[in-house]
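Protein chains in written order, with the numbering used here: chain S, 72 to 183; chain D, 113 to 226.
So the structure is just underneath, and the comments pick up after that.
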Amino acid sequence: DQQVKQNSPSLSVQEGRISILNCDYTNSMFDYFLWYKKYPAEGPTFLISISSIKDKNEDGRFTVFLNKSAKHLSLHIVPSQPGDSAVYFCAASEASNYKLTFGKGTLLTVNP
Amino acid sequence: DAGITQSPRHKVTETGTPVTLRCHQTENHRYMYWYRQDPGHGLRLIHYSYGVKDTDKGEVSDGYSVSRSKTEDFLLTLESATSSQTSVYFCAIRKSDRGNDGYTFGSGTRLTVV
Chain S
72 DQQVKQNSPS LSVQEGRISI LNCDYTNSMF DYFLWYKKYP AEGPTFLISI SSIKDKNEDG
132 RFTVFLNKSA KHLSLHIVPS QPGDSAVYFC AASEASNYKL TFGKGTLLTV NP
Chain D
113 DAGITQSPRH KVTETGTPVT LRCHQTENHR YMYWYRQDPG HGLRLIHYSY GVKDTDKGEV
173 SDGYSVSRSK TEDFLLTLES ATSSQTSVYF CAIRKSDRGN DGYTFGSGTR LTVV
């Protein structure tokens, strides 16, 4: 049973445009939602997070939106840059155990 | 990332042989995790530890064991490697008690079982 779902395996956007990566979850007990970025041959790196009591968190070009009623979150990257090309993982955890559950990832390609 | 190292970085082993992967941290964090990454599956938790000699299973623990005899080292052992265990293995540490701070990952170990 997949609790965190990223239904788009890949996404391609033009440099300067907005990238929107989506994530759905099924576990209503999740308290924290995180996005990680992963380049080939490297470990995932933390990008941005949001707690369930908020609906938006912004950090520079990156904004995460949370819609709890729809059990949906999204990561917006504006403007997109070629260096943003990577695999993006959505992850979630409950406050009671801090075990991160990951989605399958979305490969973002930003074309110059 | 500074503070967490995995060894070896690459390993090729034969089916049926035991293999141990090492994760070492320099900052005395309590929580450590082992994940595997496979195409079409994302990152899946194998085992985790919440202190010396305190470990628990993740979602894909069959065929794996772990040990943590010192705070800084978390070992993952494949008792008898199988081809299905060919994967990239990532160790992670939790540096903060705040749930929205996430984990810090190592650079990974690419294991090939032939």
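Even glycine gets a Cβ: it sits at the ideal position worked out from N, Cα and C.
Owing to the predicted nature of the structure, the values given are computational and were not obtained by experimental measurement.
### Query
So is alanine 157 of chain S in contact with chain D if we call contact Cβ pairs under 9 Å?
Here the question's residue 157 of chain S lines up with position 86 in the first sequence. Cβ-Cβ to chain D under 9 Å: no for alanine 157 of chain S.
### Query
Candidates D:Tyr215, D:Glu184, D:Tyr147, D:Asn140: which alpha carbon is nearest aspartate 168 of chain D's?
Your numbering for residue 168 of chain D matches position 56 in the second sequence. For the residues D:Tyr215, D:Glu184, D:Tyr147, D:Asn140, the minimum Cα distance to aspartate 168 of chain D belongs to D:Tyr147.
#### Entry: C-alpha distance - glutamine 85 of chain S paired with tyrosine 162 of chain D, whole-angstrom precision
The count along the first sequence starts at 1 and reaches residue 85 of chain S at position 14. The count along the second sequence starts at 1 and reaches residue 162 of chain D at position 50. So the alpha carbons of these two residues sit roughly 43 Å apart.
### Query
CB-CB under 8 Å to leucine 155 of chain D, same chain, minus the five flanking residues each way: which ones, in chain order?
Here residue 155 of chain D refers to the residue found at position 43 of the second sequence. Once the five neighbours on either side are set aside, the close Cβ partners of leucine 155 of chain D are Tyr147, Arg148, Gln149, Phe202.
### Message
Between which residues of its own chain and serine 186 of chain D is the CB-CB distance below 6 Å, once the five residues before and five after are set aside?
### Response
Locating residue 186 of chain D in the second sequence gives position 74, counting from the first residue. The sequence as given places phenylalanine at residue 186 of chain D; serine does not occur at that position. Same-chain partners within the cutoff: Cys135, Met144, Ser161, Arg180.
### Message
Is the separation between the beta-carbon of histidine 143 of chain S and that of asparagine 98 of chain S shorter than 9 Å?
### Response
If you number the first sequence from 1, residue 143 of chain S lands on position 72. If you number the first sequence from 1, residue 98 of chain S lands on position 27. Not in contact: histidine 143 of chain S and asparagine 98 of chain S (Cβ atoms no closer than 9 Å).
### Query
Tell me which same chain residues have a C-beta within less than 7 Å of the C-beta of tyrosine 110 of chain S, skipping the five on either side of it?
Translated into the one-based positions of the first sequence, residue 110 of chain S becomes position 39. Only Ala157 meet the Cβ criterion.
### Message
Strictly below 7 Å CB to CB, what residues from chain S border histidine 153 of chain D?
### Response
Start at 1 with the first residue of the second sequence, and residue 153 of chain D comes out as number 41. Those within 7 Å of histidine 153 of chain D in chain S are Lys175.
### Query
Among all the DSSP beta bridges, which residues are the ones paired with valine 135 of chain S?
For the purposes of this step, residue 135 of chain S is taken as the residue at position 64 of the first sequence. DSSP output for valine 135 of chain S lists S:Asn128, S:Leu146 as bridge partner(s).
### Query
Beta-carbon of glycine 220 of chain D versus every beta-carbon of chain S: anything under 9 Å?
As a working mapping, residue 220 of chain D is identified with position 108 in the second sequence. So, interface residue.
### Task
Note down, in chain order, each residue of its chain lying with its Cβ closer than 6 Å to the Cβ of threonine 198 of chain D, except the 5 sequence neighbours on either side.
To locate residue 198 of chain D, count along the second sequence from 1; it is residue 86. These residues qualify, in order along the chain: Thr224, Val225.
### Query
Can the beta-carbon of threonine 221 of chain D be found closer than 9 Å to that of leucine 133 of chain D?
Here residue 221 of chain D refers to the residue found at position 109 of the second sequence. Here residue 133 of chain D refers to the residue found at position 21 of the second sequence. Yes. Within cutoff.
### Query
Ordered along the chain, which non-local residues of its own chain (more than five positions away) have a Cβ less than 7 Å from that of proline 120 of chain D?
Here residue 120 of chain D is taken as the residue at index 8 of the second sequence, counted from 1. So the qualifying residues of the chain are Thr221.
### Nearest residue (CA-CA) to alanine 141 of chain S, options S:Ser123, S:Phe133, S:Asp130
In the first sequence, the residue the question calls residue 141 of chain S occupies position 70. That would be S:Ser123, whose Cα lies nearest to the Cα of alanine 141 of chain S.
### Message
Given this structure, state the Cα-to-Cα distance separating glycine 211 of chain D from proline 80 of chain S, to the nearest angstrom.
### Response
Against the second sequence, residue 211 of chain D aligns to sequence position 99. Against the first sequence, residue 80 of chain S aligns to sequence position 9. Answer to the nearest angstrom: the Cα atoms are 27 Å apart.
### Query
If you run the structure through DSSP and keep just helix, strand and coil, what is serine 83 of chain S?
For this step, residue 83 of chain S is matched to residue 12 along the first sequence. In the structure shown, serine 83 of chain S sits in a strand (DSSP, three-state: E or B).
### Query
In terms of DSSP beta bridges, what is tyrosine 103 of chain S paired with?
Reading the first sequence from its first residue, position 32 is the one you call residue 103 of chain S. Answer by DSSP bridge pairing, in chain order: S:Ser122, S:Ser164.
### Query
Where does serine 195 of chain D sit, in a helix, a strand or coil, going by DSSP?
Translated into the one-based positions of the second sequence, residue 195 of chain D becomes position 83. The answer is helix: DSSP assigns serine 195 of chain D an H, G or I state.
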